[in-house]
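Enquirer:
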Amino acid sequence: MRFSTLLAFVASAGLVAATPAAIPVADLHGGPTGEAVLSTQSGCGSSGPLGTGHYVWYIVVGCNAGSRYTCQVTDATGCLPGNPDKIGSVEVDDPNDTYNIAKGSDTNSVSFVCPAGGQVRCQANFNDNDDGPGYSLRVFQ
Numbered sequence: 001m002r003f004s005t006l007l008a009f010v011a012s013a014g015l016v017a018a019t020p021a022a023i024p025v026a027d028l029h030g031g032p033t034g035e036a037v038l039s040t041q042s043g044c045g046s047s048g049p050l051g052t053g054h055y056v057w058y059i060v061v062g063c064n065a066g067s068r069y070t071c072q073v074t075d076a077t078g079c080l081p082g083n084p085d086k087i088g089s090v091e092v093d094d095p096n097d098t099y100n101i102a103k104g105s106d107t108n109s110v111s112f113v114c115p116a117g118g119q120v121r122c123q124a125n126f127n128d129n130d131d132g133p134g135y136s137l138r139v140f141q
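Under this note's numbering, residues 1 to 141 are what the sequence shown spells out, in order.
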């Protein structure tokens, strides 16, 4: 009996440790200069689902300088990695979009180290301007 209780505790602790820690949910911005703003939240700490009419969607989030994070484009639920077939690229820039920190093409996520300023822009660049509603965005450690 004690062994099964201990096993159940260890298994549940492992599940909690395997769940990524998401950054607080941020507003979504559509378009290269953020002309569209959505305040929506999907599951698992994601912002979304994204809107239509823009190739570019991004969130600006805070992070701990020097720590490693992942910028991920998820499915519309916000919990599963998004299908990369419609994603041209995922990039992480400074909040003002003046320099690039990390970028990946034809993927749904990119890892990065948080810069000294403690804030980044996690951005999805879609192949079609109407692909957004099938996706959400999140940053996690």
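Ideal Cβ placement from N, Cα and C applies to all residues, glycine included.
1) Determine the contact status of glycine 104 and glycine 62, defining contact as a CB-CB distance below 8 Å.
2) Rounding to the nearest angstrom, what Cα-Cα distance links asparagine 108 and threonine 33 in this structure?
3) Comparing alpha-carbon positions, which option in Gln41, Val120, Val73 and Gly31 lies nearest glycine 53?
4) DSSP beta-bridge partners for isoleucine 87?
5) Look at the alpha carbon of tyrosine 135 and the alpha carbon of leucine 38, and state the distance between them as a whole number of angstroms.
6) Counting contacts by CB-CB distance shorter than 8 Å, is glycine 82 in contact with chain D?
7) CB glutamate 139 to CB threonine 40, shorter than 8 Å?
Expert: According to the structure shown:
1) no
2) 22 Å
3) Gly31
4) Phe126
5) 13 Å
6) Note that chain D does not occur in the displayed structure, where there is just one protein chain.
7) Sequence check: residue 139 is valine here, not glutamate. No. Outside cutoff.
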